Every structure is written in C-alpha cells, then in structure tokens.
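Presented below is the structure to which this report refers.
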C-alpha cells in the first residue's frame, strides 16, 4: 500500500526539466516564441473584430485597456497593487506552510514503512476530497479573511509536496543507506546527510508546480468569498459579464507564477550545485 501511495501525486524530477536555449539556438528560439504569441494575439484580435462576439470572448486590445485602467486608475475595490499583494501573501503563506509540512511528513513516512502503511488510506482519502468543497468549509470555519485562503492554498500545496518527498525518501540507494549505517550514522545524521540530499530533486520538482497550486488555492478561496484579492476581481468581473476583466486577472496571475518559477529555479540551482549536470 505504501508503494501505491507513493505513486499518486508524484512529479518526476525530470518531468519539468526543460533545457533553456543556449548558444546559437537562443535567439531563433526566442524569435519563434515571439512569432507564436504575435500570431495568437493577432488572430484573436481579428476574430473578435469580424467573426466572434467580443462581449463574450473579449479581445487583446480590450484586455490591454482593462489592465491599463487597473494599473493607472485602480479597480472598483481599490488599488490593483492591494489586490495583488493580498493574493500574493495568501499564496506565499500557503506555499511555505504546505511545503514545510509536506516535506517533513513525506520524509518521515517515507522512512517508516509501518507509519506509511497505517496512514496510507487516510492520506489517500483526504487527497480525494474536492478542493472546492474544502474551500467552502474553510470560509465557514475561518471567515472571509486571509486565514481561509491560506488554508486552501496549504491543502493544494501539501499533497503534491508530500507525495514527492515520500517517494524521494524511499528512493535512497540501498548501497549508500547500508554504508551509512555501517559507518555508525545516527538517525538524525542519516536524515540530514543521506535522505534529504537524495530526495532533493524530488522535492524541488514538486515545488516548481506547488507555487502555482498555491496561487490557485488563494484564487479559489477568494472566489468563494472575500473582500480583496484577484479572485474577488474575477468573481466581480463574472458577475458584471466583464470578460476582459477575467482575462486581465488571469494575465496577472500568470506573471506572478512565472516570476515565482524564476525565483525557484535560482534557488534550485544553488541547492543542487553538488549534483552532476
């Protein structure tokens, strides 16, 4: 059963490893990406002008105007920077708590077959609960403030990190494990010098997707009920049939996720300097 639990929710360390363009390929790759974006936005603008109803599907020009209004004049609920900072705080708190608890429990259960077999069905059952249901419960329990959104982000982050840390702790090479025990390493020394370094790639791979899930959790919590945040702006835009506002909030979320990905990439490179490339 422990093996089944480990297989669920894991992200292989190589699954997200996309090589960055280098050397002579760099500028052609960037040019190709820019061309694809220009083609996509241009075709969308033309379609919204001549073939589809922009009231429902909006257009890039309308989205750009909405973003300009938000960043220059603010939203109907105050400064756009206030909404961004509120959502970002919720995501960061949920990400940090979910990552720490997920790593600790994942490594602990990964090294204890007895505990993993006892707790496996309960963890799998908790993971199967729809997150939107939990978000609604958290609003009832913690109110419309930041706590309910942090709790939703925590739940989304925890399981992804937990399953990867669990699998990483079980992937320690048996030869290294046996040698460390022969040399008299204590449990704490084993954990710090053998298990955690071995599980680093698994844990970092999960963190790349975890912050995106933290943002989703914050947005879902705000959408369920809030007085500030990007999710509240999305809910308001939906209520007023403002499709441009929904797309504008999505673009801001995407930029935040990409910035977090860049920061995590830098941290990953520093933490894995000892690993052969």
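Numbering (the numbering used here), first residue to last: 667 to 943. Backbone N, C-alpha and C define an ideal beta-carbon position, used for all residues, glycine too. Bear in mind that the values here come from a model prediction, so they are computed numbers and not experimental data.
Answer yes or no: the CB of residue i versus the heavy atoms of the ligand FMN, is any distance below 8 Å?
i	result
residue 706	Of the ligands one can find in the structure shown there are none, so the ligand FMN has no counterpart to examine.
Ordered along the chain, which non-local residues of its own chain (more than five positions away) have a Cβ less than 6 Å from that of residue i?
i	result
residue 932	none
residue 835	773, 776, 777, 861, 865
residue 793	825
Work out the CA separation of residue j and residue i for me, nearest whole Å.
i	j	result
residue 815	residue 908	24 Å
residue 752	residue 898	11 Å
residue 934	residue 722	41 Å
residue 735	residue 706	23 Å
residue 914	residue 740	13 Å
residue 936	residue 708	40 Å
residue 684	residue 703	Because the pLDDT of residue 684 is 49, which lies under 50, any placement of that residue in the model is unreliable, and the question is left without a value.
Should residue i go down as buried or exposed, given a rule of 16 or more other Cβ atoms within 10 Å for buried?
i	result
residue 928	exposed
residue 759	buried
residue 823	buried
residue 786	buried
residue 795	exposed
residue 798	exposed
residue 695	exposed
residue 868	buried
Can you name, in chain order, every residue of its own chain whose Cβ lies under 7 Å from the Cβ of residue i, other than the five neighbours on each side?
i	result
residue 808	814, 817
residue 710	725, 726
residue 918	750, 896
Near residue i, which residues of its chain fall below 8 Å by C-beta distance, leaving aside the five closest residues on each side in sequence?
i	result
residue 930	870, 873, 874, 877
residue 755	812
residue 923	877, 878, 881
_At 3 residues or longer, what runs of the beta strand (DSSP E) sit wholly inside the region 854-904?_
none
*Per the contact definition of three or more C-beta pairs closer than 8 Å, is the region 888-899 in contact with the region 764-777?*
no
*Ranges of the alpha helix (DSSP H) found wholly within the region 744-827, counting only runs of at least 4*: 746-777, 779-794, 797-808
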